[in-house]
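Novice: Protein sequence lines, in the order shown, are assigned to chains D and S.
If you want our numbering, it's the position in the first sequence, counting the first as 1, plus 177.
Take the second sequence: its position 119, counting from 1, is numbered 116 in our numbering, and each next residue is one higher.
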Amino acid sequence: MTERITRSLDLVGLRARLATQKGPRYWRSLDELAQTPAFLDLLREEFPAFAQVAAAAVYRRRVLQLMAASLALGGLTGCQKEVEQRQLSPYVEQPPGIVPGRPQYYATATDIDGFGEGVLLRHEMGGPLKVEGNPDHPASLGGTSAIGQASILGLYDPPSRAIDHRARPARKRREPADDAALSAATR
Amino acid sequence: MTAVFEPKANFYTRIVLVAAGTIVVVLIAAIWIVPNTGYATDIGFTPPQPVPFSHQHHVSGLGLDCRYCHTSVEQSADAGMPATEICMTCHSQIWTNAAILAPVRQSLAEKQPLHWNRVYTLPDYVYFDHSIHIAKGVGCTECHGPIGDMPLTYKATSLYMGWCLDCHRNPGPHLRPQQSVFDPHWQRTANTPSPQQLRTQYHIHVSTLTDCSVCHR
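Dropping the structure here:
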């Protein structure tokens, strides 16, 4: 069979094609180089899976080159300057007792299995930051459970967490799910 | 035996040597020079603002104190940006129809805050507190440059760590008497206490001022 294919090669045409090519070009056989219909038929019969790959003209070396280049160029993102423009959004009417940059505390309770756990919520201009135990609460005396600590996450709803709070108005930043209750308590 | 290298190899060797030397020199120069360019330091960076507020007019021209608007600078880490109300204390009386003040009036009418673009931004891993610097006699202009003469607010210093440390290693020359901290045009005079005296007076202990945890908490 091989003989038949080889005989059908157009050697003159092949030489002419090779003469126009430069640089490292590799081929597994002259037949592949020739890309004769007979050779392609053989390929399809012997290696059905490879025929697809050959038709797609994806080369292992090219893939590796692109991967290496992608890795190398990936580091370039570190050269970019920070382009995000941060904003300052002061109050319209400054509420008394609130100093920008100074956290405030407000006593509240988290609900765990129907029992209230007395906690102090640290917040800055209405944005909840941290839950700690309330030392004045008779049940906890300043301690918190893991669930109590984690309860702060319940104050954030997923859509507003996706937004950078610094780009948001001060009043609305890190919008708590229970906004009405919190702003009533902090006002 | 034939020569291993053809004559043109000499030429290529020279090219490679010159190129390698150039690359090293350019790299070293880039590492030294690029961080000090305006592109990297952002000195002179003047972001657009909703209202083209002029410190020159309000501070040097009218003589407003810094603390009239930046109310929390003596008590808090944040200097504080003026609430719309503070702008309107005066602008409900003067320039009440000025077109450039429309965003301020709109903010008050709609109860929506003004969104000023930050000129100075510190990374989250840096702890900075305005109040302690004020309390220890560091004038506003030490970091904010000639803020009282800026028609539009621009960034005057790089905020590089090296720049912070320059002062934390030797704070004396940047200190001033307490009554001059907010003076935008303060100059050292013959009557000014010496840097050493001021350091002592403010109880500044330079030995701990460069501890990592002073700024990276």
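Think of the CB as a built atom: it goes at the ideal place given N, C-alpha and C, for glycine as much as any other residue.
Using alpha carbons as the reference points, say which of S:2, S:172, S:144, S:57 lies closest to residue 186 (chain S).
Specialist: The shortest C-alpha separation from residue 186 (chain S) is found at S:172.
Novice: Under the rule that 16 or more other beta-carbon atoms within 10 Å means buried, what is residue 92 (chain S), buried or exposed?
Specialist: It is exposed - the Cβ of residue 92 (chain S) has fewer than 16 other Cβ atoms within 10 Å.
Novice: In chain S, which residues lie less than 9 Å from residue 270 (chain D) when you measure between Cβ atoms?
Specialist: Per Cβ cutoff of 9 Å: 80, 81, 82, 105, 108.
Novice: Straight-line CA distance for residue 31 (chain S) to residue 315 (chain D)?
Specialist: Distance between the alpha carbons of residue 31 (chain S) and residue 315 (chain D) is about 60 Å.
Novice: Helix, strand or coil for residue 223 (chain D)? Go by DSSP, reduced to three states.
Specialist: Three-state DSSP puts residue 223 (chain D) in a helix.
Novice: Using beta carbons (cut-off 8 Å, strictly below), is residue 262 (chain D) in contact with chain S?
Specialist: Output row for residue 262 (chain D): interface = yes.
Novice: Let me check one thing: in DSSP terms, what residues is residue 190 (chain S) bridge-paired to?
Specialist: Note: residue 190 (chain S) sits in no beta bridge, so no partner.
Novice: What is the DSSP secondary structure of residue 160 (chain S), counted as helix, strand or coil?
Specialist: Residue 160 (chain S) falls in the helix class under three-state DSSP.
Novice: Give the interface partners of residue 265 (chain D) over in chain S, defined as CB-CB distance under 7 Å, in chain order.
Specialist: Near residue 265 (chain D) (Cβ distances below 7 Å), the residues of chain S are 78, 113, 115.
Novice: Would you verify that the beta carbon of residue 75 (chain S) is, or is not, closer than 8 Å to some beta carbon of chain D?
Specialist: It does: the Cβ of residue 75 (chain S) has a partner Cβ on chain D nearer than 8 Å.
Novice: So if I threshold CB-CB distances at 7 Å, which residues from the region 31 to 51 of chain S count as touching chain D?
Specialist: Those residues of the region 31 to 51 of chain S that come within reach of chain D (Cβ to Cβ, closer than 7 Å) are 44.
Novice: Mind pulling the chain S residues with CB within less than 9 Å of residue 278 (chain D)?
Specialist: Near residue 278 (chain D) (Cβ distances below 9 Å), the residues of chain S are 69, 72, 73, 74, 75, 76, 77, 126, 127, 128.
Novice: When DSSP labels each residue in this structure, what does residue 74 (chain S) get in the three-state scheme?
Specialist: Reduced to three states, the DSSP call for residue 74 (chain S) is coil.
Novice: Take the Cβ of residue 268 (chain D) as the centre, count every other Cβ of all protein chains shown within 10 Å, and call the residue buried at 16 or more, exposed below.
Specialist: Its Cβ being crowded by 16 or more others within 10 Å, residue 268 (chain D) is buried.
Novice: Taking its Cβ as the centre, do 16 or more other Cβ atoms sit within 10 Å of residue 264 (chain D), making it buried, or is it exposed?
Specialist: Its Cβ being crowded by 16 or more others within 10 Å, residue 264 (chain D) is buried.
Novice: Against chain D, which members of the region 161 to 193 of chain S pass a CB distance test of less than 8 Å?
Specialist: Result list empty, no residue passes.
Novice: Count the CB pairs spanning the region 68 to 80 of chain S and the region 125 to 135 of chain S that are closer than 8 Å, and state whether there are at least three.
Specialist: Touching, yes.
Novice: Taking all protein chains shown into account, do 16 or more other C-beta atoms lie within 10 angstroms of the C-beta of residue 41 (chain S), making it buried, or fewer, making it exposed?
Specialist: With fewer than 16 other Cβ atoms within 10 Å, it is exposed.
Novice: Report the rounded CA-to-CA distance for residue 18 (chain S) versus residue 25 (chain S), giving the unit in angstroms.
Specialist: Computed Cα separation, rounded: 11 Å.
Novice: Comparing C-alpha positions only, which one of D:325, D:190, D:215, D:221 sits nearest to residue 291 (chain D)?
Specialist: The residue with the shortest Cα to Cα distance from residue 291 (chain D) is D:325.
Novice: Do residue 287 (chain D) and residue 317 (chain D) have their C-beta atoms closer together than 8 Å?
Specialist: No, these two residues do not count as a Cβ contact at 8 Å.
Novice: Can you give, in chain order, each stretch of the alpha helix (DSSP H) that sits fully within the region 274 to 339 of chain D and has at least 4 residues?
Specialist: DSSP runs (the alpha helix (DSSP H)) wholly in the region 274 to 339 of chain D: 323 to 327, 335 to 338.
Novice: Let's test the definition: count the other Cβ atoms within 10 Å of the Cβ of residue 209 (chain S) and tell me whether it reaches 16, buried, or not, exposed.
Specialist: The residue in question, residue 209 (chain S), is exposed, as its Cβ has fewer than 16 Cβ neighbours within 10 Å.
Novice: Take residue 330 (chain D) as the anchor and find which of D:191, D:313, D:308 has the nearest alpha-carbon.
Specialist: When each option's Cα is compared against that of residue 330 (chain D), the closest is D:308.
Novice: Between the region 147 to 160 of chain S and the region 169 to 184 of chain S, do at least 3 Cβ pairs fall closer than 8 Å?
Specialist: Too few Cβ pairs lie closer than 8 Å, so no.
Novice: Quick check on residue 118 (chain S) - is its C-beta less than 8 Å from some C-beta in chain D?
Specialist: Yes - at least one Cβ of chain D is within 8 Å of the one on residue 118 (chain S).
Novice: If we count the other Cβ atoms within 10 Å of its Cβ and call it buried at 16 or more, is residue 305 (chain D) buried or exposed?
Specialist: Buried is the call here.
Novice: Looking at residue 253 (chain D) and the ligand GTP, is the gap between the Cβ and the nearest heavy atom below 7 Å?
Specialist: Ligands are entirely absent from the displayed structure, and the ligand GTP is therefore not among its contents.
Novice: Tell me whether residue 300 (chain D) is buried or exposed, calling it buried when 16 or more other Cβ atoms sit within 10 Å of its Cβ.
Specialist: By the 10 Å Cβ count, residue 300 (chain D) comes out buried.
Novice: Going straight from the alpha carbon of residue 13 (chain S) to that of residue 27 (chain S), what length do you get?
Specialist: Cα to Cα, residue 13 (chain S) sits roughly 21 Å from residue 27 (chain S).
Novice: Could you pull out every residue in the same chain whose Cβ sits closer than 6 Å to the Cβ of residue 165 (chain S), ignoring the five residues on either side in sequence?
Specialist: 206, 207.
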